Amino acid sequence: MRGMSIIVKTVVRLIAPAMLLVGVSVALHGHLTPGGGFQGGVMLGSTFLLLLLAFGLDFMEGKLGFRFGDSLRGLGAAMILLVGLLGLTFGFWFFSWPFRNEAVYLFGVPSEFFSSGNLLLYDIGEAIHVAAAFLIVFYCFARK
Amino acid sequence: MNFPYAVSMVIILLGLYCILRKRNLIKIILGMGVLADGVNLFFISLGYRAGGISPVLTEERIEHFSAFTAAAVDPLPQALVLTAIVINMSIAAFALALAVKIYQRFGTLDMRKIRRLHG
Amino acid sequence: MRRLVEFSFLAAVSFTLILIAAFYLPPFGAHPFPVGQYYVERSLEEVKAWNSVQAIIWEYRGYDTLGETAVLFAAVLGVVTLFRRMVKSERNEHHR
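Chains as they are written, first to last, in the numbering used here: chain A, 1 to 144; chain B, 1001 to 1119; chain C, 2001 to 2096.
Written out as structure tokens, the structure reads:
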């Protein structure tokens, strides 16, 4: 798959950082504003699709390889599972957050960024997982 | 009259018609997407409340918390629909991959011809 | 012609059934499920999250979301497996 014309490349070069930034912001503020891990991950994945269509497969494979994306996908899924196992390790049930008193960093006052316990960690893991999954699927379809 | 429910059921029927009657595999996958969108729309409209606001807090909504809980729409169908959207996306990706492989092997996307080839 | 008649008959019957079913549902905007009210009221103090949808999908119903993640993982694994011959043949061409 080859890239597109110079006009498309210039516009995508302008737009893509803003799209990446919005995706990361939506994923990280999932516990405060509308959004969440999957939505932010979908935004990141569609940014990857835009870059893939505009610059071609060879450019994207040079920047973000297939193997790297695949291991990133596994990393996101493993992060969700490990944060879930954290609750089981510290004496609660699976998929719960064990540090439930106010003094601990990640479960403090609402409306702060580091506030609502495991939601932030789950959102980061889900965003990585979904974005890398989209990237892998688009690579597979672009190679044919 | 429950107009949104009827509209979402019509969308479900359109997707069902597209799955049952079309012969192109890509159109069948599109019909699956339309059917799932109808189901999601039905769920979301079940959780609506008259004059409702979104179930996300802000600073001013915390100050009037009882008014917020009296006016917020149901967040449970939204969460379920989010899960359903992810699963539909997975199904669409896998089905499109199968369609690509079928086209590479048989050279056609017509269901009847593929059924006749049986290889 | 006969196909058109059959199709219009089926469409009329199913549309009538839809209207009847929509008439028997609770009215639009009635907010029929009390469990959503519970989540809206409690998600601030129990999960400390402003977004109660996120509180539901990761805290109250976390197993659902774990299964969803597993489904996404398996589906992408299936896509990669379907296309794996392409990856291997590319590597063979590189060796040749």
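Glycine included, each C-beta is placed from N, C-alpha and C at the ideal position. Since this is a predicted model, take the numbers as computed values, not measurements.
- GLY2062, TYR2063, LEU2066, THR2069, LEU2072, PHE2073, VAL2076, VAL2079, VAL2080, PHE2083: these are the residues of the region 2061-2084 of chain C whose beta carbon lies less than 7 Å from some beta carbon of chain A, given in chain order.
- Closer than 8 Å to the CB of VAL1086 (chain B) there is at least one CB belonging to chain A.
- In terms of beta-carbon proximity, GLU61 (chain A) stays away from the interface with chain C, with every pair separated by 8 Å or more.
- Across the structure, PHE95 (chain A) and LEU85 (chain A) are spaced so that their CA atoms are roughly 7 Å apart.
- In the three-state reduction of the DSSP assignment, ASN1002 (chain B) falls in the coil class, being assigned neither a helical nor a strand state.
- With fewer than 16 other Cβ atoms inside 10 Å of its own Cβ, ALA2021 (chain C) counts as exposed.
- VAL1039 (chain B) and PHE1094 (chain B) have their C-alpha atoms roughly 20 Å apart.
- Residue pairing for VAL1056 (chain B): DSSP places it in a beta bridge opposite C:ASN2051.
- Residues of chain C with a Cβ closer than 7 Å to the Cβ of LEU32 (chain A) are, in chain order, TRP2050, ASN2051.
- Judged by their CB atoms, PHE134 (chain A) and PHE68 (chain A) are not nearer to each other than the 8 Å cut-off.
- The shortest C-alpha to C-alpha distance from ASN1088 (chain B) to any of B:LEU1025, B:LEU1020, B:LEU1030, B:SER1008 is the one to B:LEU1030.
- Put simply, the CB of SER2008 (chain C) is far from chain B, with every gap to its CB atoms at 8 Å or more.
- Nearest to MET43 (chain A) by C-alpha distance, out of A:VAL137, A:ALA54, A:ARG13, A:VAL24, is A:VAL24.
- If you draw a 10 Å sphere on the C-beta of ALA2074 (chain C), you find fewer than 16 other C-beta atoms in it, and that means exposed.
- One Cα belongs to PHE141 (chain A), the other to HIS129 (chain A), and the distance between them is close to 18 Å.
- For GLY91 (chain A), same chain residues with a beta-carbon under 8 Å away, outside a window of 5 residues either side, are PRO98 in chain order.
- Taking all protein chains in view, the Cβ of LYS63 (chain A) is surrounded by fewer than 16 other Cβ atoms within 10 Å, so the residue is classified as exposed.
- By the Cβ criterion, the region 2035-2043 of chain C is not in contact with the region 14-29 of chain A, since fewer than three pairs of Cβ atoms, one from each stretch, lie closer than 8 Å.
- By the Cβ rule, the region 1031-1051 of chain B does not count as touching the region 2009-2016 of chain C, because fewer than three pairs are nearer than 8 Å.
- Considering only beta carbons, the part of the region 1042-1054 of chain B lying closer than 9 Å to chain A consists of SER1054, in chain order.
- Apart from sequence neighbours up to five positions away, the residues of its chain that approach VAL12 (chain A) with a beta-carbon distance below 7 Å are LEU50, LEU51, ALA54, ordered along the chain.
- About 32 Å separates the Cβ atoms of ILE136 (chain A) and VAL2047 (chain C), ruling out a contact at the 8 Å cut-off.
- Residue nearest to THR1069 (chain B) within the set B:SER1008, B:GLU1059, B:GLY1052 is B:GLY1052 (criterion: CA-CA distance).
- The beta carbon of TRP2050 (chain C) sits closer than 8 Å to those of LEU2044, all from its chain and outside the five residues before and after it, given in chain order.
- Around the Cβ of ILE2057 (chain C), a 10 Å sphere holds 16 or more other Cβ atoms; the residue is buried.
- Within the DSSP secondary-structure output, ASP1110 (chain B) pairs in a beta bridge with B:ASN1024.
- Rounded to whole angstroms, the Cβ separation of PHE2033 (chain C) and LEU1076 (chain B) is 6 Å, and the two are in contact under 8 Å.
- Secondary structure at ARG1049 (chain B): strand, using DSSP grouped into helix, strand and coil.
- Residue pairing from DSSP places ALA2030 (chain C) in a beta bridge opposite B:ARG1049.
- Annotation for TYR2024 (chain C): the continuous alpha helix (DSSP H) segment containing it runs 2002-2024.
- Beta-bridge partners assigned by DSSP to ALA1097 (chain B): none are found.
- For PHE141 (chain A), the nearest beta carbon of chain B is closer than 8 Å to its own beta carbon.
- Listed in chain order, the non-local C-beta contacts of TYR1103 (chain B) below 6 Å within the same chain comprise LEU1109, local neighbours out to five positions each way being set aside.
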